[in-house]
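For the sequence shown, the residue numbers in our numbering are 1 to 46. From the three backbone atoms N, C-alpha and C, an ideal C-beta is built for every residue, glycine too. For reference, the structure is listed below as structure tokens.
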Amino acid sequence: MFQRAYLCTSLQINRCLMSRLSFRHRLFEMLVMIEIFAISGHDYHL
Numbered sequence: 001m002f003q004r005a006y007l008c009t010s011l012q013i014n015r016c017l018m019s020r021l022s023f024r025h026r027l028f029e030m031l032v033m034i035e036i037f038a039i040s041g042h043d044y045h046l
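Now the structure itself:
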């Protein structure tokens, strides 16, 4: 589930970078990716 979300978010980030959307949108996507990565990388917090 986390891997699936991570891949989807990564694709969204790549699309944002390629299409040069607003900085806020790219920052939001990066924050979401970092949050998902932190959750999937630290399952012992759950």
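Exercise. Count the other C-beta atoms from every protein chain shown that fall within 10 angstroms of the C-beta of L46, then say buried if there are 16 or more, exposed otherwise.
Key: With a pLDDT of 49 at L46, under the threshold of 50, the modelled position of that residue is not reliable, and the figure given next carries that caveat. It counts as exposed.
Self-check item: Nearest residue (CA-CA) to Q12, options E29, F37, S40, S22
Solution: Nearest option by C-alpha distance: E29.
Exercise. Please classify S10: does DSSP put it in a helix, a strand, or coil?
Key: If DSSP states are grouped into helix, strand and coil, S10 belongs with the helices.
Quiz item: Roughly how many angstroms lie between the CA atoms of I39 and L31, to the nearest whole one?
Solution: If you take the alpha carbons of I39 and L31, they lie about 12 Å apart.
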